[in-house]
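Peer 1:
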Amino acid sequence: MKNKKWIVTFSIVLVVLLAGGSVFGYSQWQSAKKEERLNDAAKAWISAIEKQSFDKIPDLVTSDSLKASGYTEETVVEKYDAIYGGIGVSNMKIDYEISEDHTLSYTATFDTILGTISSIPYKTKLVEDGDTYKIDWTAELIFPGMLSDDKIRYTVDEAQRGSIIDRNGKPLAFNTTTYQAGVVPQNLGEGQARTSKIANIAKQLGISAEFIEEQLSQSWVQPDYFVPLKTLAYGTEATVIDGVSYQEVQTRAYPLADAAAQLTGYVGEVTAEDIEKDPTLQTGDIIGRSGLELTFNEELRGENGGEIYIETANGEKRATIQQVEKKDGQDIQVTVDAQIQQVAFDSLENAAGSTVVMEPKSGNLLALVSKPSFDPNLFVVGITQEQYDVYNNDENKPFISRFSTRYAPGSTFKPITASIGLEAGITTVDKTHKISGLQWQKDDSWGNYKISRVTETDVVNLETALVKSDNIYFAQEVLEMGEDTFREGLNKLTFGESYDLPLTMEPAQISNEKSFGSEILLADTAYGQGQLLMSPIQMAANYSVFANDGVLTYPKLLVDAESKTKEVFAKETVDTIKPMLTKVVTSSEGTANSLKGVGNLAAKTGTAELKGSQGERGVENSLIFAFDANDSSYLTVSIVENHREVEKTATELIKPVIQFLEQVQ
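Residue numbering for the sequence shown follows the numbering used here, beginning at 1 and increasing consecutively.
1) Whole-angstrom Cβ separation of valine 244 and threonine 231, contact assumed at under 8 Å?
2) So, using beta-carbon positions, are alanine 108 and isoleucine 98 closer together than 9 Å?
3) Looking only at C-alpha atoms, which of Glu299, Ile451, Ala344 and Leu532 sits nearest to arginine 406?
4) Write down every uninterrupted run of the alpha helix (DSSP H) in the region 194-227 whose length is 4 residues or greater and which is fully enclosed by it, in chain order.
5) Ignoring anything shorter than 3 residues, give me the beta strand (DSSP E) runs that lie fully in the region 266-319, in order along the chain.
6) Under three-state DSSP, which class holds tyrosine 473?
7) Could you spell out where the beta strand (DSSP E) holding glutamate 567 opens and where it closes?
8) Note down the Cα distance separating leucine 438 from threonine 457, rounded to an integer number of angstroms.
9) Once DSSP output is grouped into helix, strand and coil, what is the label at isoleucine 117?
10) Tell me whether the region 289-302 and the region 357-370 touch, counting them as touching only if at least three CB pairs, one residue from each stretch, are closer than 8 Å.
11) Taking only three categories from DSSP, how would you classify leucine 348?
12) For alanine 82, report the span of its beta strand (DSSP E) as first-last.
13) What separation, rounded to the nearest whole angstrom, lies between the Cα atoms of asparagine 471 and tyrosine 499?
14) Taking only three categories from DSSP, how would you classify serine 404?
15) Is phenylalanine 374 closer than 9 Å to phenylalanine 399 when the C-beta atoms are compared?
16) Excluding five sequence neighbours on each side, which residues of the same chain lie with their C-beta closer than 6 Å to the C-beta of tyrosine 473?
17) So asparagine 732 and asparagine 593 are in contact, right, with Cβ under 8 Å, and what is the actual spacing, rounded?
18) Would you decide whether glycine 130 is buried or exposed? Buried here means 16 or more other CB atoms lie within 10 Å of its CB.
19) Just verifying my parser: in three-state terms, what is the DSSP assignment at isoleucine 383?
20) My understanding is that leucine 635 touches phenylalanine 625, with C-beta atoms under 8 Å, so please give their C-beta distance in whole angstroms.
21) From threonine 176 to glutamate 190, what distance separates their C-alpha atoms?
22) Can you have a look at tyrosine 527 and say buried or exposed, based on whether 16 or more other CB atoms are within 10 angstroms of its CB?
23) Roughly how many whole angstroms lie between the Cα atoms of lysine 571 and glycine 550?
24) By how many angstroms is the C-alpha of leucine 422 removed from the C-alpha of glycine 482?
25) Tell me the rounded alpha-carbon separation between phenylalanine 211 and serine 401.
26) Below 6 Å CB to CB, which residues in the same chain sit around isoleucine 340 once its five sequence neighbours on both sides are set aside?
27) Should glutamine 476 go down as buried or exposed, given a rule of 16 or more other Cβ atoms within 10 Å for buried?
28) Between glutamine 333 and serine 347, what straight-line distance do the alpha-carbon atoms span, to the nearest angstrom?
29) Following the continuous beta strand (DSSP E) through proline 171, name the residue where it begins and the one where it ends.
30) In whole angstroms, what separates the C-alpha of leucine 668 from that of glycine 410?
31) Quick check: what's the CA-CA separation for alanine 19 versus leucine 38?
32) So, helix, strand or coil for serine 613, using DSSP?
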């Protein structure tokens with residue numbers, strides 16, 4: 001009897017324990033589910049704000065809180081879109097936590113049109129709504145301290161774009177004013193008189209009558225309002241046109257215009273695509289589009305200042321959200337001399353080509369000219385399609401930066417080959433070659449390929465070969481030298497190297513492959529053809545060894561950049577070559593004899609022929625490099641494309657540049 005009683009008692013206790021355990025387990029499960037729902041609600045809210053998926057907000061907040069704040073599902077979405085879009089909110093990052101009393105606290109860091117704003121604190125309640133939790137919404141979740149009928153306002157204090165100035169402080173790109181042409185509708189008259197007046201205005205301004213009518217039909221236009229039609233490019237006069245008025249507006253100016261266009265580049269208004277890439281940009285902002293304006297856009301732009309603040313319904317400032325002092329853009333000073341740049345540009349006349357002027361001791365680039373060119377001032381104000389088509393359809397491609405475009409250097413390269421040969425002990429001053437005729441090939445293994453020269457000389461030494469520019473002599477020398485020795489000498493120069501310049505330029509190359517693969521290509525390379533490619537800038541840098549006792553000076557374009565050099569040839573080697581380069585000018589047989597008397601010059605001319613096959617007469621580019629043989633104060637390289645069509649060589653066209661350099665250096 002006692003055993004049965006014990007069993008009953010034990011069973012009751014067990015049932016009680018099991019029941020208690022189930023209740024405890026269920027409670028734990030309920031608590032975990034609640035925690036999960038709280039976290040889900042918080043994560044959904046944070047995600048919607050971070051990603052600016054404002055269309056999800058109505059499902060994440062309680063309807064009662066929206067109603068209490070005076071918003072509907074539609075208007076709350078519109079409010080977020082307008083405010084966040086208006087001040088350029090992007091890159092939103094949020095850290096959050098949920099307290100035991102279901103309070104969601106979070107801090108937001110994001111970018112606006114004024115820059116980054118950090119750790120803005122938010123706080124709200126997570127309210128149970130059926131089987132989920134939702135946000136107890138107020139306008140303070142847009143910005144802390146904001147009331148339902150408040151607005152967000154901002155002011156922008158625009159930074160002044162920095163100038164691009166030459167070595168002497170003269171502007172190459174700067175801010176100024178120009179004229180904007182427009183009309184006042186009530187001054188146009190009516191009927192046929194109005195039609196005739198608009199037609200004349202369209203003709204004089206280079207726009208269409210349809211465009212004028214479109215501008216006049218805008219919703220904001222009133223009879224006495226000024227309606228802008230066209231902003232005049234810098235330097236354009238505001239001519240008197242019946243019915244047209246003018247007002248001054250800010251613009252970017254390029255005083256050298258086409259003489260430095262590829263160097264300076266130009267600016268333009270941002271597009272929708274620009275704003276999509278960089279939300280801190282706004283419609284109407286100006287950014288660099290090409291050249292130095294693009295390369296140094298961040299430095300030149302500076303940083304806009306301004307204030308983002310909460311404004312009450314009465315138009316009073318409630319609180320400042322963000323305030324930033326503007327930072328005007330930096331000035332960028334380059335080594336270019338505006339006067340030399342202009343003279344070098346003009347001297348090319350109607351030729352397509354490039355002229356580079358450098359100080360061989362410092363590496364300062366004094367002129368970087370590319371021709372034909374374009375007027376960057378037209379692009380600033382909005383170039384017309386007709387004007388753009390003139391440039392774009394020009395077969396000589398005015399948008400190309402020829403000073404950084406690679407060419408075959410032709411015979412201007414022969415002093416390099418001679419120097420490598422001298423240092424290898426293959427070439428000597430007294431050594432001669434007996435050469436017959438104007439064409440030569442090593443043997444029958446060359447097939448139909450022959451190397452040509454211009455002047456027939458039976459016995460040729462190094463000096464004669466440089467003065468008369470004998471291709472055959474240098475081909476024979478390099479074949480005796482061999483590819484390994486020749487390449488070893490070339491590799492002391494800057495082939496394959498990228499220069500520290502704010503310009504886009506492919507490295508100079510010796511050949512397409514690491515080996516020539518044929519004696520013909522080796523021989524052609526000796527006199528600057530084959531697959532050898534160098535830009536005018538690279539030529540100037542590598543040829544600086546002859547003005548610097550064998551030391552190569554790297555080119556530099558920024559005034560505050562450090563000069564960089566490296567030893568390439570021995571001084572004795574250059575002392576041997578340099579007098580021969582002066583005879584290229586002073587000798588009656590010298591290929592640069594037309595420059596005799598201009599200054600104490602050392603020079604080497606060249607012609608690079610571009611042809612498809614042996615025997616075909618191809619397009620010829622004319623080249624020259626010359627430097628001051630007295631104190632190496634300047635070195636210039638110039639190339640004229642297809643010089644036979646221009647009917648002038650680079651040597652003829654460079655003369656005014658050297659005359660000017662002799663005066664100012």
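A virtual CB, placed ideally from N, CA and C, is assigned to each residue, including glycine. Note that the structure is predicted; figures quoted are calculated from it, not measured.
Peer 2: According to the data block:
1) Numbered from 1 along the sequence shown, position 244 holds the residue referred to as residue 244. Numbered from 1 along the sequence shown, position 231 holds the residue referred to as residue 231. Not confirmed; about 13 Å, so no contact.
2) Numbered from its first residue, the sequence shown carries residue 108 at position 108. Numbered from its first residue, the sequence shown carries residue 98 at position 98. No.
3) For this step, residue 406 is matched to residue 406 along the sequence shown. Of Glu299, Ile451, Ala344 and Leu532, the residue nearest in Cα terms is Leu532.
4) 209-216
5) 267-269, 286-288 and 305-311
6) Looking up residue 473 in the sequence shown gives position 473. Three-state result, tyrosine 473: helix.
7) Start at 1 with the first residue of the sequence shown, and residue 567 comes out as number 567. Here the beta strand (DSSP E) through glutamate 567 covers 565-567.
8) Counting from 1 along the sequence shown, the entry for residue 438 is found at position 438. Counting from 1 along the sequence shown, the entry for residue 457 is found at position 457. Looking at the two C-alpha atoms, the distance is approximately 9 Å.
9) Locating residue 117 in the sequence shown gives position 117, counting from the first residue. Of the three classes helix, strand and coil, the one that applies to isoleucine 117 here is strand, per DSSP.
10) no
11) As a working note, residue 348 is residue 348 in the sequence shown. Leucine 348 falls in the coil class under three-state DSSP.
12) Within the sequence shown, the letter at position 82 stands for residue 82. Segment 73-86 is the alpha helix (DSSP H) holding alanine 82; no beta strand (DSSP E) there.
13) Counted from its first residue, the sequence shown places residue 471 at position 471. Counted from its first residue, the sequence shown places residue 499 at position 499. Roughly 30 Å separates the two Cα atoms.
14) Taking the first residue of the sequence shown as position 1, residue 404 is located at position 404. It is helical.
15) In the sequence shown, residue 399 corresponds to position 399, counting from 1. In the sequence shown, residue 374 corresponds to position 374, counting from 1. Yes; because the gap between Cβ atoms is below 9 Å, this pair is in contact.
16) What you label residue 473 is simply residue 473 of the sequence shown in a count that begins at 1. His433, Val460 and Ala465, listed in sequence order.
17) Because the chain in this structure spans residues 1 to 665, residue 732 falls outside the shown range and cannot be described.
18) The residue given as residue 130 occupies position 130 in the sequence shown. The residue is exposed, with fewer than 16 neighbouring Cβ atoms inside 10 Å.
19) Counting from one through the sequence shown, the residue named residue 383 turns up at place 383. DSSP places isoleucine 383 in coil when its eight states are reduced to three.
20) Sequence index remark: in the sequence shown, residue 635 carries index 635 (1-based). Sequence index remark: in the sequence shown, residue 625 carries index 625 (1-based). Sure, about 7 Å apart at Cβ, within 8 Å.
21) As a first step, residue 176 must be located in the sequence shown, where it is residue number 176. As a first step, residue 190 must be located in the sequence shown, where it is residue number 190. One C-alpha to the other measures close to 37 Å.
22) Your numbering for residue 527 matches position 527 in the sequence shown. Buried, because 16 or more other Cβ atoms sit within 10 Å of the Cβ of tyrosine 527.
23) Locating residue 571 in the sequence shown gives position 571, where the first residue counts as 1. Locating residue 550 in the sequence shown gives position 550, where the first residue counts as 1. Their backbone Cα atoms lie some 5 Å apart in a straight line.
24) Numbered from its first residue, the sequence shown carries residue 482 at position 482. Numbered from its first residue, the sequence shown carries residue 422 at position 422. Distance between the alpha carbons of glycine 482 and leucine 422: 14 Å.
25) One-based indexing of the sequence shown puts residue 211 at position 211. One-based indexing of the sequence shown puts residue 401 at position 401. Each residue's alpha carbon lies about 34 Å from the other.
26) Within the sequence shown, numbered from 1, the residue matching residue 340 stands at position 340. The residues are Val357, Leu366 and Ala367.
27) Numbered from its first residue, the sequence shown carries residue 476 at position 476. It counts as buried.
28) If you number the sequence shown from 1, residue 333 lands on position 333. If you number the sequence shown from 1, residue 347 lands on position 347. Rounded to the nearest angstrom, the two C-alpha atoms are 25 Å apart.
29) Within the sequence shown, numbered from 1, the residue matching residue 171 stands at position 171. Run containing proline 171: 171-183, per the beta strand (DSSP E) assignment.
30) Because the chain is modelled from 1 through 665, residue 668 falls outside the range shown and cannot be assessed.
31) Along the sequence shown, one-based indexing puts residue 19 at 19. Along the sequence shown, one-based indexing puts residue 38 at 38. Any reading at alanine 19 must be qualified, since the residue scores a pLDDT of 49, below 50, and its modelled position is unreliable; the value itself is stated next. C-alpha separation (whole angstroms): 29 Å.
32) The sequence position of residue 613 within the sequence shown is 613, counting from 1. Legend: pLDDT at serine 613 = 49, less than 50; position of this residue unreliable, value from coordinates given subsequently. Serine 613: coil per DSSP, three-state reduction.
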